[in-house]
Amino acid sequence: MRKITVLVVEDQPLLRLNAVDMIEEAGFIALEAEDADAAIAILMLSADVQLVFTDIEMPGSMDGIQLAALVRDRWPPMHIIITSGRGAVDASTLPVGCPFVAKPPIWPALIETMRCLTTA
């Protein structure tokens, strides 16, 4: 069975490293980007990414919600999970089909969400 590739987009290095470790421990392949621009560059070069896990607040040309909208438009089959440490987010601001997970994530639940999205 082919492993699922997840792109982690997080500007905080320690949070990004932790997410990559947890995702890899769960049996996924994890790629990482520190902002939306780096994420787009990876997505343009890698056809293997099936899920993007992005923070909302990041420096650079766009935030995580804008990145999710761009990914939804450019790569419609891509699964996206959005996260933030700022608490709940107005669901109407999220692209359709993009679940929100508050930080810090409950890792078993987040991994289960990733599995459900990528095996559906």
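Per UniProt numbering: the sequence shown = residues 1 to 120. For each residue, glycine too, the CB sits at the ideal point set by N, CA and C.
Using 7 Å as the threshold, is the C-beta distance between residue i and residue j below it?
| i | j | result |
| --- | --- | --- |
| Val49 | Glu32 | no |
| Met58 | Asp11 | yes |
| Gly64 | Ile81 | no |
| Leu7 | Val52 | yes |
| Trp107 | Met22 | yes |
| Met62 | Val71 | no |
| Val9 | Thr54 | yes |
| Ser84 | Ile111 | no |
| Cys116 | Ala68 | no |
With 16 as the cutoff for other CB atoms within 10 Å, does residue i come out buried or exposed?
| i | result |
| --- | --- |
| Ala47 | exposed |
| Leu14 | exposed |
| Asp73 | exposed |
| Asp41 | It is worth fixing the name first, because residue 41 is Ala in this sequence and not Asp. With fewer than 16 other Cβ atoms within 10 Å, it is exposed. |
| Ala36 | buried |
| Ala30 | buried |
| Ala39 | buried |
Answer yes or no: the CB of residue i versus the heavy atoms of the ligand ADP, is any distance below 6 Å?
| i | result |
| --- | --- |
| Gly64 | The ligand ADP is absent from the structure shown, which contains no ligand whatsoever. |
Give, in chain order, every unbroken run of the alpha helix (DSSP H) that is at least 4 residues long and sits entirely within the UniProt domain "Response regulatory" (5-118).
13-25, 36-45, 64-74, all fully within the UniProt domain "Response regulatory" (5-118).
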